[in-house]
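J.:
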Amino acid sequence: MRLPKFTYLSPKSVGEARAMLGEHKGEARLLAGGTDIIVAMKQRRKVPEYLVNLKDLSELSYVRYSDADGLALGALVTLDDIQGSAVVREKFPALSQAAAKVAAPQIRNSGTIGGNLCLDSRCWYYNQSEFWRSARAACFKMGGDQCYVVKGGKQCYSLVSADTAPALIALGASAKVVGPASERTVAVEKFFTGEGRTLNVLDADEIVTEIAVPNQPAGSGEVYLKFSYREAIDFPLVGVAAMVSLNGNGKCQDVRIAVGAASPAPIRTVKAEEALRGKEIDEDVLAEAAQAATKEVSPIVHIYAPVAYKRKLVGVLVQRAVRQALQAARSA
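Residue numbers (our numbering): 91 to 422.
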């Protein structure tokens, strides 16, 4: 498939990129690793007038850590660099695990942390060629007035399938967002809208420039687990990240659990966390938390997995993730 015609813009600084997006607001798309946008353009799901290349912006490619501030990742750091970073593996293993589970080595060598966070949502009616989609009326995400996944649905229910998103949420990460004349910080937990047409809180002229991850509590453990049918390439059917910290008595002092790819946005399972917090976690408590998670998450059907199966997966993976995070916390 060929790319559509577009004007290629290559800014030399973040300031130039911000200005270009402001000048061509709504007509421009960003090119970082290119693993998502290029496919979308070939399939005519995205047909921008302008493509703004960020690859030359070395100022957005860094991994910094300090005991005071935690981890700072430039948005252009590749997933392979995150996976291979000694400090990320040691201090933030859930993020390292999530980056390592994205697609395959070739894609991780190109794909960036900013790009993965902003990954377009997925649906088997949407992620198809222009010819395939022409056989039926347009869905919400393509400008139509219907959702084929949820019959009678009033919004787009396509799924956010980014592996790093649940890990970042469980770790309490935030994203630095810049526009032509403004800057703001958004908690990754609040970054996604749960509506496939808008997907996230970014305006059309804004860029994610940095991901910040705070240091985790002493005596904590964390993990990211992904279920997919294949070890490589596949997006998750369900992905779960968990962080558990213990007090001096071995009880759960704090916990954060995030579930991705099950619903239109990755979410924290607050009720599951409440079932664990302040308790000595045993198998009965784990089962209670898993049951709470299955009630909190509203899975959307997948071509390879019905809703009942995905709901069961959520409970199983939450139980496994918390158990493994707990073991890591006890060993810390």
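For glycine and all other residues, C-beta sits at the position ideal for the given N, C-alpha and C.
#1: Cα-Cα, which of Thr275, Val391, Ile203 is closest to Thr125?
#2: Is Lys191 helix, strand or coil when you go by DSSP?
#3: Can you find the residues in the same chain that come closer than 6 Å, C-beta to C-beta, to Tyr140, ignoring five residues on each side of it along the sequence?
#4: Using the rule of at least 16 other Cβ atoms within 10 Å of the residue's Cβ for burial, across every protein chain shown, is Ala176 buried or exposed?
#5: Which residues in the same chain have their Cβ closer than 6 Å to the Cβ of Glu273, if we skip the five residues on either side of it in sequence?
#6: Does DSSP put Leu327 in a helix, a strand or coil?
#7: Determine the direct distance from the alpha carbon of Lys132 to that of Arg92, and round the result to whole angstroms.
#8: Within the segment 130-212, note down every full beta strand (DSSP E) run reaching 3 residues or more, in order along the chain.
#9: Considering only their Cβ atoms, is the gap separating Leu336 from Gly309 smaller than 8 Å?
#10: Here's the rule: buried if 16 or more other CB atoms are within 10 angstroms of the residue's CB, otherwise exposed. What is Gly338?
#11: At which residues does the beta strand (DSSP E) containing Arg274 begin and terminate?
#12: May I ask you to list the residues that DSSP assigns as paired with Tyr215?
#13: In three-state terms, what does DSSP make of Arg287?
#14: Could you name the residues of the same chain whose beta carbon sits closer than 6 Å to that of Ala331, not counting the 5 residues immediately before and after it, in chain order?
#15: Determine the closest residue to Gln306 out of Thr288, Met333, Ala294, Trp222, with distance taken between C-alpha atoms.
#16: Could you name the residues of the same chain whose beta carbon sits closer than 8 Å to that of Val360, not counting the 5 residues immediately before and after it, in chain order?
#17: Have a look at Gly340 and Ala189 and give me their C-alpha separation to the nearest angstrom.
T.: Taking the geometry as given:
#1: Thr125 has its Cα closest to that of Ile203, out of Thr275, Val391, Ile203.
#2: coil
#3: Thr97, Leu99, His114, Glu117, Ala118
#4: exposed
#5: none
#6: coil
#7: 6 Å
#8: Along the segment 130-212, the beta strand (DSSP E) occurs as fully enclosed runs of 3 or more residues at 140-143, 153-156, 160-164, listed in sequence order.
#9: yes
#10: Flag for Gly338 reads exposed.
#11: 273-277
#12: Answer is none; Tyr215 lacks a bridge partner.
#13: coil
#14: If we look at Ala331 and ignore the five residues flanking it on each side, its Cβ neighbours are Ala184, Pro256, Ala257, Ala260, Tyr314, Ala348.
#15: Closest by alpha carbon: Met333.
#16: Glu386
#17: Rounded to the nearest angstrom, the two C-alpha atoms are 30 Å apart.
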